[in-house]
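Note sheet for the following structure.
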Amino acid sequence: MKVFVDSSAWIAVFVVEDRYHELAALHYGELLERGVRLVTSDYVLDETVTRLRYDVSHSLAVAFLDRIRRSQRLGSLSVFHVDPPVWGSAEALFRQRDDQALSFTDCTSFVLLQRTRVDEVFAFDQHFRMFGHVVRP
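Each residue of the sequence shown is one higher than the one before, starting from 20 at the first, in our numbering.
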């Protein structure tokens with residue numbers, strides 16, 4: 020099983036004060052315990068690090084980066100990279116969807132999810148449901 024992790028989930032896992040923290044930490048722990056293959060993107064990681072840095076602290080952002088590196092080394096996390104074709108499709112989607120409050124990072128995630136086999140999305144962003152993805156928790 021493969022689960023895509025959005026920045027909303029990463030932030031909820033790492034920020035104790037986040038309203039979804041307990042639920043996110045529990046779900047994240049269950050995913051790791053079950054050996055689920057986690058995937059995310061370089062843009063999601065950028066968005067997460069930036070939010071942690073400015074909304075919480077530099078040290079928490081660095082701790083997050085350390086966890087990501089460790090997870091990659093252990094093989095429990097893969098990172099998709101936004102390449103020029105993904106960028107182009109994300110830009111087209113972003114331009115089309117002015118009716119939704121989508122970030123450009125969201126658009127890159129939707130394009131990546133269209134192009135890869137992912138079973139569900141770990142997120143607290145309801146836009147993923149709009150695009151037909153199974154969202155947990």
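Each residue gets a CB set at the ideal place from its N, CA and C atoms; glycine is no exception.
In this structure, Val-130 and Ser-95 do not form a Cβ contact; the two beta carbons are roughly 24 Å apart against a cut-off of 8 Å. In the three-state reduction of the DSSP assignment, Thr-59 falls in the strand class, which pools E and B. Under DSSP, Val-154 shares a beta bridge with Val-140. DSSP places Ser-26 inside the alpha helix (DSSP H), whose first and last residues are 26–33. The three-state secondary structure of Ser-78, taken from DSSP, is helix. Annotated as proximal: Phe-143 and Ala-31, with beta-carbon spacing under 7 Å. The three-state reading of DSSP puts Val-68 in helix, counting H, G and I together.
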